[in-house]
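Below you'll find the structure, written out as structure tokens, and then a few comments.
In this note's numbering, the protein residues as written are 31 to 562.
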């Protein structure tokens with residue numbers, strides 16, 4: 031039986047009845063510049079250099095304005111040895127894992143001035159699923175030997191993601207795809223292929239292609255503890271805080287040690303929190319029965335609000351992604367206080383007194399590592415109620431392979447580059463400013479980190495007491511935002527003046543009162559995938 035770490039970075043991953051490899055060598059088939067709003071166009075590629083015994087599952091495409099860095103998976107059938115137990119279903123030996131398509135259906139064709147392109151959907155045998163689309167530059171139907179379909183019980187449904195190509199009036203569109211179900215316990219594996227069609231795709235509509243499913247419960251391609259430490263030392267990001275930041279991060283232990291108090295509903299006075307958080311209520315849900323607040327003494331309160339950069343460290347949660355073909359290294363950072371927001375209204379910038387501030391601020395970013403090669407594939411930047419995935423080639427780096435994360439002033443949202451990011455209406459120039467810049471205030475997560483959870487390792491990592499605290503890390507305080515917003519309204523020119531209700535719609539709901547956030551384990555992305 032396999033164990034975590036044995037298959038990490040070996041180039042191949044066992045999914046149960048299938049073994050897959052990542053193909054990154056391609057041969058250009060056809061290019062087109064029909065993409066709305068972009069002149070660079072897209073190119074479609076056939077994977078080449080597929081190892082003997084493995085089969086193509088579909089072709090690849092990407093926009094021309096980025097380096098050729100994508101992948102598709104190739105697969106072969108495998109037989110478990112007598113010591114391996116990996117299947118959670120009853121396979122039927124009369125139906126092999128891979129079969130040739132019966133034939134192909136022509137989806138669409140065109141001549142856009144750079145040659146003709148023809149798009150073909152493999153028609154799978156009964157009980158099988160196509161994994162991707164083929165593209166040719168002639169009307170000749172592809173050979174059935176060109177691709178393989180996968181037995182249906184070895185697949186999961188997939189959904190469209192980013193639009194890569196769209197013709198005028200959307201008569202033909204091409205999208206990247208991803209598994210519908212994603213998260214720590216989900217089995218869907220992205221094949222890296224694309225989907226295209228000439229009809230409207232509704233939300234939750236099942237596509238004519240599928241993704242793979244990892245039926246190997248050992249997750250042998252996930253890194254072991256030593257490999258995790260090596261990855262963090264190699265790829266750990268440096269987090270830069272704004273030069274005018276006055277709400278710095280701290281360690282959780284410093285926060286407790288410097289006077290943070292635990293309050294219980296119905297009691298007036300708070301209780302000091304043990305250095306390790308051992309007296310915090312463990313488990314349960316965020317029922318409002320408990321919350322944490324700053325010290326009551328004014329000097330102590332100000333001291334804790336300011337944070338303590340010297341003690342700050344990143345709290346690391348390691349989990350499988352995309353069926354164990356990737357590893358997500360989620361890095362959480364704690365700030366004792368989230369400062370008030372800075373509003374931008376056209377050319378005016380207005381510093382709020384209360385709007386946006388709250389006690390306790392948990393933010394994070396995520397390093398997504400390929401388990402095929404051990405390379406950094408993407409970084410997720412969490413930004414308030416959402417965020418964005420950024421490919422490695424679009425990141426800034428420091429000291430070789432370590433990406434840079436810019437933390438916004440007061441709000442501590444994460445961004446890939448310095449500058450001003452507006453949360454609201456870019457068109458109107460009205461919203462919350464997220465200011466980021468490099469400074470002398472930074473935390474190097476490659477050295478200042480603590481691994482707090484890695485469930486798939488089965489108890490190897492001891493989770494700290496405070497991680498089991500499921501209530502809020504700050505009090506809930508509701509205040510009248512209308513008074514501050516009315517002042518803003520009065521400053522607007524008549525032709526862009528909004529009602530208070532419309533101004534509210536531009537801003538995140540957390541700005542209208544102080545509500546301490548819950549801890550990392552209560553966030554959707556602890557078990558699920560990142561929001562994007």
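Glycine included, each C-beta is placed from N, C-alpha and C at the ideal position. The model shown is predicted, which means the values in this text are computed figures rather than measured ones.
By the neighbour-count criterion, in which 16 or more other beta carbons inside 10 Å mark a residue as buried, residue 176 falls on the buried side.
Counting only residues of its own chain and dropping the five nearest sequence neighbours on each side, residue 128 has a CB closer than 8 Å to the CB of 48, 85, 105, 106, 107, 178, 179, 180, 181. Runs of the alpha helix (DSSP H) lying entirely within the segment 363 to 394 and spanning at least 4 residues: none are present.
Taken in chain order, the whole beta strand (DSSP E) runs of length 3 or more contained in the segment 174 to 239 are 179 to 181, 185 to 196, 203 to 209, 224 to 227. Beta-bridge annotation (DSSP): residue 412 is paired with 417.
Take the alpha-carbon of residue 341 and the one of residue 62: they are about 53 Å apart.
A straight-line Cα-Cα distance of about 5 Å links residue 448 and residue 467.
Counting only runs of 4 or more residues that sit fully inside the segment 244 to 329, the alpha helix (DSSP H) segments are 255 to 265, 282 to 287, in chain order. Boundaries for residue 499: no beta strand (DSSP E) harbours it, and the DSSP string shows neither H nor E there. Inter-residue distance for residue 421 and residue 408 is about 4 Å (C-alpha atoms, whole angstroms).
Bridge pairing for residue 464: 451 [DSSP]. Taken through DSSP and simplified to helix, strand or coil, residue 334 comes out as helix. Take the alpha-carbon of residue 124 and the one of residue 166: they are about 33 Å apart. Within the DSSP bridge table, the entry for residue 361 names 346, 395 as partners.
For residue 72, the closest of 257, 216, 195 by C-alpha to C-alpha distance is 195. Under the 8 Å Cβ criterion, the segment 315 to 327 does not count as touching the segment 206 to 223, having fewer than three qualifying pairs. In the pairwise beta carbon analysis, the segment 342 to 349 is classified as touching the segment 467 to 481: at least three pairs are separated by under 8 Å.
Straight-line spacing of the CA atoms in residue 146 and residue 363 works out to 52 Å. In the three-state reduction of the DSSP assignment, residue 52 falls in the strand class, which pools E and B.
The three-state secondary structure of residue 126, taken from DSSP, is coil. Contact check for residue 225 against residue 237 passes: the beta carbons are separated by less than 9 Å. In this structure, DSSP gives residue 555 a helical state, which the three-state scheme calls helix. With distances taken between CA atoms, residue 60 lies nearest to 93 out of 93, 40, 82.
Separation of the CB atoms of residue 402 and residue 446 is rounded to 24 Å, and the pair is thereby denied contact status at 8 Å. Here residue 351 carries a strand assignment [DSSP, helix/strand/coil]. Judged by DSSP secondary structure, residue 547 falls outside any beta strand (DSSP E); it is assigned neither H nor E.
DSSP links residue 474 through a beta bridge to 268.
Residue 174 is positioned such that its CB atom lies no closer than 9 Å to that of residue 103.
Judged by DSSP in its simplified three-state form, residue 444 adopts strand. Residue environment for residue 83: exposed (fewer than 16 other C-beta atoms within 10 angstroms of its C-beta).
Per the coordinates, the alpha-carbon of residue 470 lies some 8 Å from the alpha-carbon of residue 270.
Its chain contains 191, 192, 194, 224 as the residues whose beta carbon lies nearer than 7 Å to that of residue 206, once the 5 sequence neighbours on both sides are disregarded; these appear in chain order. DSSP, read as helix, strand or coil, puts residue 424 in helix.
Straight across, the Cα-Cα distance linking residue 552 with residue 214 is about 14 Å. The straight-line gap separating the alpha-carbon atoms of residue 149 and residue 170 is approximately 11 Å. Ranked by how close their Cα comes to the Cα of residue 367, the residues 158, 53, 504 have 504 in first place.
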